[in-house]
Every structure is written in C-alpha cells, then in structure tokens.
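In this note's numbering, the protein residues as written are 755 to 831. Note that beta-carbon positions come from the ideal geometry of N, C-alpha and C, so glycine has one too. Below is one structure, written out as structure tokens; comments come after it.
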C-alpha cells in the first residue's frame with residue numbers, strides 16, 4: 755500500500771517509491787539518500803508528531819512533516 759511518509763507510525767518499515775517535489779527541496783531530499791528503492795524504518799516521532807526520525811543506510815535522519823508529505827512510500831511488514 756502506497757502512502758505519504760508523514761502517515762507512518764513508529765516502528766513501521768517502508769521503501770521509498772517516489773519524491774514528489776522539484777527544485778531545491780526535492781534535490782535536498784534526494785541528497786539525504788531518500789531515493790526510490792531506499793529501505794527505512796520509522797524510529798521515532800516528537801511529541802507533536804513533528805519531526806519524524808528514520809533509520810536508513812546505517813544512520814538516523816529526521817524530517818519535518820512538510821518534507822515528509824512529498825515522499826510516497828510502500829509500507830513493509
């Protein structure tokens with residue numbers, strides 16, 4: 755099932771399907787390693803659910819919800 759990264763819960767795993775933004779923000783998201791095929795796990799959320807922390811490729815990355823909105827993911831097991 756494909757959803758926005760923003761809607762994922764802690765401990766869910768996923769795979770990036772697409773990054774749906776152009777320009778500087780799109781380049782920045784891709785430069786952080788969030789490209790189609792990237793596997794990750796949601797490891798945490800702040801008390802107000804923003805930002806979201808992801809574990810991927812051996813490091814932890816945090817994204818704000820307004821950035822996560824542009825990332826479509828496939829939820830794994």
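Under DSSP, residue 807 takes part in a beta bridge, and its partners are 798, 816. Shown here, residue 780 sits in a helix according to DSSP, grouped into three states. Of the candidates 764, 759, 782, the residue whose Cα lies closest to the Cα of residue 801 is 764.
Cβ contact annotation for residue 830 (same chain, cutoff 8 angstroms, sequence separation greater than five): 766, 767, 768, 769, 793, in chain order. If you check the CB distance, residue 809 and residue 797 come in under 8 angstroms.
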